[in-house]
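See below for the structure under consideration.
Protein chains: 2
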Amino acid sequence: MKSTIVTAKPGKKIRLSKIDPAATGGIKKDAALARAAEVREKISVLQEALYAEHQRSVLVVLQAMDTGGKDGSVKNLCTGVNPAGLKITSFKPPSLEERDHDFLWRAHNAAPGKGMIGIWNRSHYEEVLVVRVHKLVPKKIWKERYEQINRFEKHLSQTGTTLVKVMLHISKDEQKERLQARLDDPNKRWKFNPGDLKEREFWDEYQKVYEDAINRCNTDWAPWHVVPANHKWSRDLAIVDLVYRVLKQMNPVYPKLSFDPKTVVIDG
Amino acid sequence: MKSTIVTAKPGKKIRLSKIDPAATGGIKKDAALARAAEVREKISVLQEALYAEHQRSVLVVLQAMDTGGKDGSVKNLCTGVNPAGLKITSFKPPSLEERDHDFLWRAHNAAPGKGMIGIWNRSHYEEVLVVRVHKLVPKKIWKERYEQINRFEKHLSQTGTTLVKVMLHISKDEQKERLQARLDDPNKRWKFNPGDLKEREFWDEYQKVYEDAINRCNTDWAPWHVVPANHKWSRDLAIVDLVYRVLKQMNPVYPKLSFDPKTVVIDG
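Those protein sequences? They're chains A and B, same order as listed. Oh and the first sequence: position 11 is 11 in the working numbering, straight run, nothing missing. Oh and the second sequence: position 255 is 523 in the working numbering, straight run, nothing missing.
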């Protein structure tokens with residue numbers, strides 16, 4: 001099986017329109033589900049070691065258009081792993097207190113501690129995405145943010161956090177189908193926000209600012225990965241595979257014991 | 269199947285020594301695992317509605333002796349539910365900042381928001397458990413805490429949070445086996461803390477302060493449930509069943525829509 005993920009390379013620009021959101025890498029659904037289950041078991045073993053080692057962290061950043069599959073991807077990543085080692089953060093519109101600080105303040109606060117895997121549903125990138133599309137701050141401000149984000153991520157990286165930045169890439173048609181599905185299912189209707197239709201009108205602008213974010217914040221220490229996400233099962237497999245490869249590369253080890261287990265006697 | 273859970277009733281004292289930690293309610297392991305899987309699916313459906321309703325919360329408080337199964341119970345409760353609707357908190361020894369506040373400050377801060385299920389691995393009860401056993405504060409102080417805890421829980425309850433307080437009840441022999449198992453398994457050894465043996469010497473004192481906490485903080489608005497926990501599969505079934513019954517009783521409903529789904533048209 002060929003990975004569907006397009007990982008941005010520093011100095012080489014990504015064009016979202018050149019990446020097929022329906023790509024599956026030639027694998028069928030059943031095979032993908034079975035394989036994802038296997039990969040999850042391997043992640044679970046490595047996560048246990050990461051948690052025990054208690055030295056480093058992983059931070060998975062999930063960004064996508066509305067209905068792009070952020071919630072589903074969080075659920076996918078959490079399946080089968082130890083919840084004690086997860087720190088999940090959903091970035092909502094900033095609170096009054098958060099707006100009283102610089103835009104990276106709340107992001108830093110949400111960073112995973114030692115031994116933890118952090119999963120961000122949206123992130124500090126909203127500050128160069130929705131903020132740009134709707135002109136919420138002047139160009140002078142948002143232009144500087146890319147470099148500020150790169151510095152922030154360099155700091156996280158240097159202090160022990162491996163960043164895995166994922167853009168879930170769906171097509172405009174797929175979004176239409178998913179919005180319609182929300183309307184049609186009585187148990188999903190509450191998720192439908194008429195405002196999403198307004199956002200949908202800005203589809204092209206969003207694609208452009210996503211490309212900018214990916215290309216300007218695509219660093220050696222925190223590369224971006226574009227995951228074709230029209231097919232949920234393909235997307236899920238791609239993401240667990242990506243996280244598995246990251247964990248394997250980190251190679252976490254159980255800590256040395258401060259005692260000899262053979263000499264320990266447990267009294268009645 | 270008969271529930272193994274002993275739910276404390278206000279005015280009637282619980283004696284832990286009268287509750288069999290090995291009770292299974294007459295169900296066999298395979299049947300219990302199958303049934304727990306079914307109950308989890310029902311929890312998942314109700315959790316979705318609780319999250320959508322966005323009005324009330326559930327707070328599951330887990331307390332137990334060392335190796336009593338708190339971590340396993342968190343994992344059990346998280347299996348199959350939407351992680352976006354969970355807020356998990358592990359209470360560690362308080363930080364300097366936390367110690368600069370009253371003992372309920374950090375507990376309140378960790379309370380689940382609307383629509384969420386909070387799961388606490390340890391809790392504010394440590395302040396009348398380990399704190400009493402090791403005489404970390406004078407009697408004058410800890411004596412007042414039961415009433416303070418009751419008031420705090422009454423407030424949470426009145427403002428929309430359903431409390432589910434669970435004491436995982438294991439035997440001293442079972443603890444011995446579990447500590448030994450940690451020592452014997454190279455991948456579990458890191459969890460073994462020689463200090464746990466010191467705590468084990470205080471077994472009887474701990475049982476006594478647990479009884480006190482259960483009996484003094486056993487209110488109409490926040491009852492305690494003692495779950496026999498020697499058998500993990502029986503414990504897991506008992507807990508999901510308890511949480512399921514609580515959610516069913518709450519009967520969360522999907523919010524009314526502010527629009528008519530039939531009139532919505534999604535443009536190309």
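For every residue, glycine included, the Cβ atom is placed at its ideal position computed from N, Cα and C. In this text the structure is predicted, and so the values were computed from the model without any measurement.
Residues that DSSP places opposite residue i in a beta bridge
| i | result |
| --- | --- |
| Ile88 (chain A) | A:Ile119 |
| Met167 (chain A) | A:Gln63 and A:Val226 |
| Thr219 (chain A) | Answer is none; Thr219 (chain A) lacks a bridge partner. |
| Lys12 (chain A) | A:Lys9 |
| Thr162 (chain A) | A:Val58 |
is_contact[residue i, chain B] using C-beta, thresh 8 Å
| i | result |
| --- | --- |
| Ser44 (chain A) | no |
| Gln207 (chain A) | no |
| Cys217 (chain A) | no |
| Ala37 (chain A) | no |
| Val133 (chain A) | no |
| Lys176 (chain A) | yes |
| Leu183 (chain A) | yes |
| Ser171 (chain A) | no |
| Asp20 (chain A) | no |
| Gln63 (chain A) | no |
| Ile88 (chain A) | yes |
| Val166 (chain A) | no |
| Pro252 (chain A) | no |
| Ala107 (chain A) | no |
| Ile266 (chain A) | yes |
| Glu147 (chain A) | no |
| Leu247 (chain A) | no |
Coil, strand or helix - residue i by DSSP
| i | result |
| --- | --- |
| Thr531 (chain B) | helix |
| Lys270 (chain B) | coil |
| Lys42 (chain A) | helix |
| Val326 (chain B) | strand |
| Lys70 (chain A) | helix |
| Lys139 (chain A) | helix |
| Lys198 (chain A) | helix |
| Pro523 (chain B) | coil |
| Val401 (chain B) | helix |
| Val128 (chain A) | helix |
| Ile27 (chain A) | coil |
| Val243 (chain A) | helix |
| Asp504 (chain B) | helix |
| Pro83 (chain A) | helix |
| Ala49 (chain A) | helix |
| Asp100 (chain A) | coil |
| Leu150 (chain A) | What sits at residue 150 (chain A) in the sequence shown is Asn, not Leu. Helix. |
| Ala285 (chain A) | As shown, chain A starts at 1 and ends at 268. That puts residue 285 (chain A) outside it, with no answer to give. |
| His231 (chain A) | coil |
is_contact[residue i, chain A] using C-beta, thresh 8 Å
| i | result |
| --- | --- |
| Asn350 (chain B) | yes |
| Pro462 (chain B) | yes |
| Ser325 (chain B) | no |
| Pro523 (chain B) | yes |
| Gly457 (chain B) | According to the sequence displayed, residue 457 (chain B) carries Arg and not Gly. Answer yes: the Cβ-Cβ gap between Arg457 (chain B) and chain A drops below 8 Å somewhere. |
| Val595 (chain B) | The structure shown does not extend to residue 595 (chain B), since chain B spans only 269 to 536, so no value can be given for it. |
| Asp334 (chain B) | no |
| Pro529 (chain B) | yes |
| Glu394 (chain B) | no |
| Gln448 (chain B) | yes |
| Leu424 (chain B) | no |
| Asp339 (chain B) | yes |
| Glu316 (chain B) | yes |
| Ala320 (chain B) | yes |
Other residues of its chain near residue i: CB distance less than 8 Å, five sequence neighbours each side excluded
| i | result |
| --- | --- |
| Lys114 (chain A) | His54, Gln55, Arg56, Ser57 and Gly160 |
| Ile14 (chain A) | Val6, Ala8, Glu211, Ile214, Asn215, Asn218, Trp224 and Val226 |
Cβ shell of residue i (< 6 Å), same chain only, five flanking positions each side left out
| i | result |
| --- | --- |
| Val274 (chain B) | Ile287 and Val494 |
| Pro520 (chain B) | Ala317, Leu318 and Glu321 |
Contacting residues, own chain, Cβ-Cβ under 7 Å from residue i (five flanking each side not counted)
| i | result |
| --- | --- |
| Lys297 (chain B) | Trp501 |
| Ser123 (chain A) | Val61, Gln63, Phe91 and Ala107 |
| Glu316 (chain B) | Asn350 |
| Lys270 (chain B) | Gly293 and Gly294 |
| Met333 (chain B) | Ile438, Gln443 and Tyr474 |
Exercise. Using 8 Å as the threshold, is the region 419 to 426 of chain B in touch with the region 357 to 368 of chain B, meaning 3 or more CB pairs across them?
Worked result: no
For this session: Assess, as a yes-or-no matter, whether the region 503 to 515 of chain B is touched by the region 156 to 168 of chain A under the definition of 3 or more beta carbon pairs within less than 8 Å.
Result: no
Problem set entry | Cβ contact (3+ pairs, closer than 8 Å) linking the region 333 to 350 of chain B and the region 432 to 448 of chain B | yes
Problem set entry | Segment contact, 8 Å Cβ cut-off, at least three pairs: the region 509 to 518 of chain B with the region 307 to 314 of chain B | yes
Exercise. When the Cβ atoms of the region 129 to 140 of chain A are set against those of the region 205 to 224 of chain A, are three or more pairs found closer than 8 Å?
Worked result: yes
For this session: Assess, as a yes-or-no matter, whether the region 444 to 457 of chain B is touched by the region 340 to 351 of chain B under the definition of 3 or more beta carbon pairs within less than 8 Å.
Result: no
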